[in-house]
RNA sequence: GCCCCCAUCGUCUAGUGGUUAGGACGACACUCUUUCAAGGUGUAAACACCGGUUCGAUUCCGGUUGGGGGCGCCA
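Residue numbers (this note's numbering): 54 to 527.
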């Protein structure tokens with residue numbers, strides 16, 4: 054009870070706009086977002102585009118779109134290329150204090166040095182012989198390096214892993230900027246996190262080795278140290294770090310494939326975190342309520358698309374018919390005029406296919422026969438192959454007759470089922486219903502014939518049955 | 001080569017100094033059934049290894065092995 058004001062929780066996601074938002078980055082963003090929400094804190098988006106060569110604003114847009122799609126709004130936005138003055142100022146300060154110097158060695162020199170060290174089984178590092186010279190702010194030849202004089206262990210307490218220590222002497226004199234206006238990652242991150250009052254740095258485990266360098270810069274600048282939490286990595290099926298060669302890694306690609314944002318988020322949070330109970334399906338709100346860094350896993354997690362797909366099915370099934378019908382529209386663009394003409398028909402189709410969809414995109418293929426006459430082989434009409442052509446024709450003709458006696462007004466799933474079933478029960482369900490279903494859908498697998506007939510309407514149904522008869526008689 | 005991190009079913013994971021080691025995905029079987037899907041029921045499937053501590057280790061400690069990450073004038 055010291056009466057201290059509790060520090061505001063502020064987290065950030067800091068992607069480089071060098072490609073579309075990666076699944077791994079999105080997952081880090083999610084942990085940051087949820088942790089901030091949980092603690093009534095703030096979540097910040099910072100675009101790390103100090104590498105002008107590789108950065109592209111189209112990727113900045115992609116990142117924003119992807120985060121918004123996933124439902125992670127940010128409270129503040131920054132772009133590092135807008136903050137060059139700030140970095141310059143801090144660089145000059147370090148230069149004045151002798152913490153940073155101009156290293157005249159070329160890239161080639163350093164590569165050579167490193168290879169030499171590795172051969173001699175020494176740790177690769179660069180301890181510059183000019184570290185006590187070249188301290189002017191004026192650009193000289195070479196790049197700016199941090200003069201590391203710490204040989205002892207650099208220790209920090211990771212919220213997920215506990216105490217992590219690195220030997221300071223292993224770091225050498227590391228780079229902080231290409232020139233006074235071109236800061237490098239380790240330096241810009243420290244300045245920004247401090248100036249933006251980031252309280253918790255939650256990031257992927259791949260960034261853990263940078264932490265010691267960042268701590269050194271922090272103390273040289275007199276900044277407070279944020280809390281660190283290093284998340285386990287998302288792994289490809291071969292257990293290596295997930296990368297482009299493993300297929301879809303960008304968030305928006307999954308949107309295109311027809312995965313729902315809710316399913317993505319639900320799936321991602323379970324990669325490395327687990328709630329107390331056994332329930333695995335929950336909303337963002339519930340995740341926020343239940344989240345705790347203490348329950349974050351330490352080992353890497355394989356990205357299992359099968360489970361994502363299962364989750365997507367769960368969310369599709371849970372969705373209201375209205376919402377799903379709308380969400381599906383972009384995937385059936387080519388039928389939009391037909392859908393607008395008969396919105397109720399579209400809803401019926403959606404209701405029918407709802408339980409059969411793994412991704413939204415699949416609707417385009419699954420609902421095809423409702424909009425276009427199906428093409429199929431004659432053989433498909435035979436139930437279990439042992440049916441005779443005569444038998445099929447007889448049934449289909451009877452069915453055509455039965456169906457034609459149903460008035461337009463009575464035409465509907467239940468009436469059709471009742472009339473057709475009473476015939477099918479006499480004649481054998483499979484022998485009657487299979488050819489009927491195939492004549493309507495043209496598929497080996499589809500919903501039942503009554504539902505399809507209902508949606509198709511009387512005349513189209515009878516017409517398709519007639520065409521099936523013709524096909525058999527060919 | 002140097003440094004760091006990690007280790008429960010195939011995968012995501014729960015869990016404990018004494019448990020029939022639990023759940024989910026996937027797989028398989030049965031059921032439902034005109035097909036598919038969904039649903040229901042069930043089955044197979046894991047504590048990496050070796051020491052130590054302990055009455056007792058999957059759990060705690062050490063080592064081995066294995067896996068991953070990092071070692072940029074990228075982030």
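Glycine included, every Cβ here is placed at the ideal spot set by N, Cα and C.
{"query": "Secondary structure at residue 356, three-state DSSP: helix, strand or coil?", "result": "coil"}
{"query": "Are the Cβ atoms of residue 289 and residue 368 separated by less than 8 Å?", "result": "no"}
{"query": "When the Cα atoms are used, what is the spatial distance from residue 54 to residue 171?", "result": "Low local confidence applies: a pLDDT of 41 at residue 54 is under 50, so the model's placement there is unreliable, with the coordinate-based value given in what follows. Near 53 Å, if we compare the C-alpha coordinates of residue 171 and residue 54."}
{"query": "If you compare alpha carbons, which of 415, 466, 203 and 210 is closest to residue 313?", "result": "415"}
{"query": "Below 7 Å, is the gap between the Cβ of residue 75 and the nearest heavy atom of the ligand HEM?", "result": "By its list of ligands, the structure shown contains no ligand whatsoever, and the ligand HEM lies outside what it can speak to."}
{"query": "Counting pairs of beta carbons, one from the region 126-143 and one from the region 94-103, are three or more of them closer than 8 Å?", "result": "yes"}
{"query": "Please classify residue 99: does DSSP put it in a helix, a strand, or coil?", "result": "strand"}
{"query": "Can you tell me the Cα-Cα spacing of residue 250 and residue 281, whole angstroms?", "result": "14 Å"}
{"query": "Check the C-beta distance from residue 511 over to residue 461 and give it rounded, since I have them as a contact under 8 Å.", "result": "6 Å"}
{"query": "How big is the Cα-Cα spacing for residue 279 and residue 148?", "result": "24 Å"}
{"query": "DSSP three-state label for residue 264, please.", "result": "helix"}
{"query": "Please tell me whether residue 493 and residue 474 are closer than 8 Å, where the distance is taken between their beta carbons.", "result": "no"}
{"query": "How should residue 26 be labelled, buried or exposed, when 16 other C-beta atoms within 10 angstroms of its C-beta is the threshold for buried?", "result": "It is not possible to answer for residue 26, since the shown part of the chain is limited to 54 through 527."}
{"query": "Does DSSP classify residue 303 as helix, strand or coil?", "result": "strand"}
{"query": "Would you identify the three-state DSSP class for residue 77, choosing helix, strand or coil?", "result": "helix"}
{"query": "Between 310, 326, 237 and 331, which has its C-alpha nearest residue 349's C-alpha?", "result": "326"}
{"query": "Consult DSSP for residue 403 and reduce its assignment to one of helix, strand or coil.", "result": "helix"}
{"query": "For a minimum of 4 consecutive residues, which ranges assigned as the alpha helix (DSSP H) are wholly contained in the region 471-514?", "result": "482-494 and 502-509"}
{"query": "DSSP three-state call for residue 526: helix, strand or coil?", "result": "helix"}
{"query": "Which runs of the beta strand (DSSP E) fall wholly inside the region 146-200 and span at least 3 residues, in chain order?", "result": "153-156 and 196-199"}
{"query": "Of the residues 62, 107, 74 and 72, which one's Cα is nearest the Cα of residue 86?", "result": "62"}
{"query": "Tell me which residue opens and which closes the alpha helix (DSSP H) that residue 244 is part of.", "result": "238-248"}
{"query": "Cα separation between residue 262 and residue 247?", "result": "19 Å"}
{"query": "Select from 472, 479 and 357 the residue whose C-alpha is nearest the C-alpha of residue 76.", "result": "357"}
{"query": "Determine contact between the region 435-454 and the region 517-524, defined as no fewer than three beta-carbon pairs at a distance below 8 Å.", "result": "yes"}
{"query": "In this structure, how does DSSP classify residue 272 when only helix, strand and coil are distinguished?", "result": "helix"}
{"query": "Between the C-alpha atoms of residue 502 and residue 495, what's the straight-line distance to the nearest angstrom?", "result": "11 Å"}
{"query": "For residue 283 and residue 213, which I take to be in contact (beta-carbon distance under 8 Å), what is that distance rounded to the nearest angstrom?", "result": "6 Å"}
{"query": "Which class does residue 214 belong to by DSSP, given the choice of helix, strand or coil?", "result": "coil"}
{"query": "Let's see if you can read the secondary structure: which residues bound the alpha helix (DSSP H) around residue 226?", "result": "That residue, residue 226, is in no alpha helix (DSSP H); it is neither H nor E in DSSP."}
{"query": "Hey, residue 351 and residue 396: beta-carbon distance below 8 Å or not?", "result": "no"}
{"query": "Under 8 Å, with one C-beta from each stretch per pair, do the region 65-79 and the region 104-124 reach the 3-pair mark?", "result": "yes"}
{"query": "Please confirm if the region 149-167 is in contact with the region 178-189, defined as three or more CB-CB distances below 8 Å between the two stretches.", "result": "yes"}
{"query": "In chain order, what residues of the same chain lie with their CB nearer than 6 Å to the CB of residue 405, ignoring the 5 residues before and after it?", "result": "500 and 504"}
{"query": "In the DSSP output, what is residue 130 paired with across the bridge?", "result": "98"}
{"query": "Should residue 267 go down as buried or exposed, given a rule of 16 or more other Cβ atoms within 10 Å for buried?", "result": "buried"}
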